[in-house]
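Chemist:
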Amino acid sequence: IYRYCFIKCFHFFCSRNVGKVDGLVGAFDNSDWSPGAITKAFYVGLFAYSGWNYLNCMIEEMNNPRRDLPLAIIISCLLVTFIYTMANVAYVTVVSPYEILTTPAVAITFSVRIYGVMWWIMPIFVALSTFGGVNGTVMTTSRMFFVASQVNQMPKLLCFLHMDRMTPISAVVFTCITSLCYLLVGDIYSLITYLGFVQWLAIGSCVFIVIVFRITRRHHPRPVKAPILFAIIYVLITLFLVIFAFVAAPTESCKEKK
13 IYRYCFIKCF HFFCSRNVGK VDGLVGAFDN SDWSPGAITK AFYVGLFAYS
63 GWNYLNCMIE EMNNPRRDLP LAIIISCLLV TFIYTMANVA YVTVVSPYEI
113 LTTPAVAITF SVRIYGVMWW IMPIFVALST FGGVNGTVMT TSRMFFVASQ
163 VNQMPKLLCF LHMDRMTPIS AVVFTCITSL CYLLVGDIYS LITYLGFVQW
213 LAIGSCVFIV IVFRITRRHH PRPVKAPILF AIIYVLITLF LVIFAFVAAP
263 TESCKEKK
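Numbering (our numbering), first residue to last: 13 to 270.
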């Protein structure tokens, strides 16, 4: 990831020095500013940053969650934001806006123009980045299913552990099977809308419950405590994402595309 970031930054500054910044001019021209389009754009953007909440599922394995959880979230969000921003800026300095909208793989077009015969290095970096994302998803989601099965919120089958490695093997297998089923959807943007609607509806409900508990259980001990104003703002933003996504794309939000 760090090498990927370095390469993007290097080519951004090189392109800037030679004056190839035409893609940065009028980058938002002819954009659709309707609430539904903005919501779907947020879904696509937030999908890239969805790993920030995975740390919440790993609190039990932290020695000092009061210190480590906020620190890990802040560092990871800032680092990933910087990497993604520099990656997109590097793309628009080499690839035109029209090509970005029409090409099936922007990174491949970028690497062909920058590296020439070494264009294949970019798919390797993309694959490594994707593998890292899958690793985090499987690790955290399987543990969430594992804990839910322990408290009778999911089938008991999902709480079985591997005899040697002590990992929630049944939950891992279940996560992999459901992920493969999602891949049957051919359109990535429809898939992001499917997942985004359910994800933000669930997360918004959880944060709303936090607000309720902060009012009804004020003296309950809390290892990690954030200002309630942040939770209120978060719930309002989540309501915007859920409501306008349902209005703009009711089919993707409610059921699978036939």
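Even glycine gets a Cβ: it sits at the ideal position worked out from N, Cα and C.
Have a look at serine 43 and leucine 253 and give me their C-alpha separation to the nearest angstrom.
Modeler: For serine 43 and leucine 253, the distance between alpha carbons rounds to 19 Å.
Chemist: Here's a check: name, in chain order, each residue in its chain whose Cβ is nearer than 7 Å to the Cβ of threonine 115, leaving out the five neighbours to either side.
Modeler: Cβ neighbours of threonine 115 beyond the five flanking positions: Thr121.
Chemist: Rounded to whole angstroms, what's the CA-CA distance from methionine 166 to glutamate 111? Just pull it up for me.
Modeler: Roughly 46 Å separates the two Cα atoms.
Chemist: Do alanine 84 and leucine 67 count as a contact pair if the criterion is CB distance below 8 Å?
Modeler: Yes, they are a contact pair.
Chemist: Identify the continuous alpha helix (DSSP H) that holds cysteine 171 and give its terminal residues.
Modeler: Careful: cysteine 171 lies outside any alpha helix (DSSP H) and carries neither H nor E.
Chemist: Using C-beta distances below 7 Å, list every residue in its chain close to valine 30, excluding the 5 sequence neighbours before and after it, in chain order.
Modeler: The predicted position of valine 30 is uncertain, since its pLDDT is 47 and thus under 50; no value can be drawn from it.
Chemist: Would you mind giving the Cβ-Cβ distance between tyrosine 127 and isoleucine 133, rounded to the nearest angstrom? I have them listed as a contact below 8 Å.
Modeler: Indeed, because the Cβ distance is near 6 Å, the residues count as touching under 8 Å.
Chemist: Work out the CA separation of threonine 179 and phenylalanine 258 for me, nearest whole Å.
Modeler: Near 37 Å, if we compare the C-alpha coordinates of threonine 179 and phenylalanine 258.
Chemist: In chain order, what residues of the same chain lie with their CB nearer than 7 Å to the CB of leucine 203, ignoring the 5 residues before and after it?
Modeler: The answer, listed in chain order, is Tyr194 and Val197.
Chemist: Taking only the alpha-carbon atoms, compute the straight-line gap between aspartate 199 and leucine 113 and give it to the nearest angstrom.
Modeler: Cα to Cα, the separation comes out at about 15 Å.
Chemist: Return helix, strand or coil for threonine 152, following the three-state DSSP convention.
Modeler: Correct three-state label for threonine 152: helix.
Chemist: Is the beta carbon of valine 219 sitting closer than 8 Å to the one on valine 247?
Modeler: Against a cut-off of 8 Å, the Cβ pair of valine 247 and valine 219 comes out as a contact.
Chemist: Tell me the rounded alpha-carbon separation between isoleucine 271 and serine 141.
Modeler: There is simply no residue 271 to check, as the chain begins at 13 and stops at 270 in what is shown.
Chemist: Classify tryptophan 212: buried if its beta carbon has 16 or more other beta carbons within 10 angstroms, exposed otherwise.
Modeler: It is buried - the Cβ of tryptophan 212 has at least 16 other Cβ atoms within 10 Å.
Chemist: Here's a check: name, in chain order, each residue in its chain whose Cβ is nearer than 6 Å to the Cβ of alanine 119, leaving out the five neighbours to either side.
Modeler: Closer than 6 Å at Cβ, skipping near neighbours: Met134 and Val138.
Chemist: Quick check: the Cα distance between valine 107 and tryptophan 45, rounded to an integer number of angstroms?
Modeler: If I take the Cα positions, the gap works out to 24 Å.
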